[in-house]
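Sequential numbering of the sequence shown, starting at 0, is according to numbering that gives the first Met the number 0.
We put the CB at the ideal spot given by N, CA and C, even for glycine.
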Amino acid sequence: MSAHALHLAAEETPHPVVAIGLMSGTSMDAIDCALLVTDGERVFFPHVPCPSLAFDISPRMREQMLELCKSGGDNLELERQITLLHASAVNMLLEKNDLRPSDIDIIGFHGQTISHRPAEHLTCQLGDASLLAEYKHCPPLALLLL
């Protein structure tokens with residue numbers, strides 16, 4: 000039923016792209032995950048049981064991210080954990096809508112903001128698009144690291 004709903008939404012546009020958008024911000028409390036269909040100009044929200052969700056970030060991981068914010072630098076293991084947490088959010092959205100990874104054309108992946116200093120034109124996100132692509136069985140070019 001859900002894959003059918005995606006196709007119905009896709010029929011509303013001549014060149015449909017089925018996308019999942021991921022966003023986690025400086026609050027570090029959850030990953031927002033949304034399913035949509037677009038032609039690059041207009042957005043259509045499919046009639047599915049769960050078009051979006053918030054996937055909680057554990058207090059322990061949040062503490063690790065806050066510590067990294069204070070200390071600066073990078074942490075490849077934490078980046079891997081953050082990426083896999085985003086993959087879990089995608090999995091949950093797919094499962095709740097009875098979809099497969101092959102039903103999705105592109106995933107917009109922001110990563111986790113660790114530092115954001117607009118006055119200095121500086122921002123730092125942790126996230127490994129190649130790992131997410133490998134985990135979700137989609138080509139790396141199907142992921143946008145925003």
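Non-local C-beta neighbours of T82 in its own chain, meaning closer than 7 Å and more than five positions away in sequence, comprise G126, D127, L130 and L131, ordered along the chain. Bounds of the beta strand (DSSP E) holding I30 are A29 to T37.
Within its own chain, the residues whose Cβ lies closer than 7 Å to the Cβ of M91, once the five positions on either side in sequence are excluded, are L52 and F54, listed in chain order. For H85, the secondary structure class from DSSP, reduced to helix, strand or coil, is helix.
Taking C-beta atoms as the reference points, P50 and V36 fail to come closer than 7 Å. For A18, the CB contacts under 8 Å within the same chain, skipping 5 residues up- and downstream, are L34, L35, V36, T37, I103, D104, I105, I106 and G107 in chain order.
Shortest Cα-Cα distance from H14 to any of F43, A29 and G24 involves F43.
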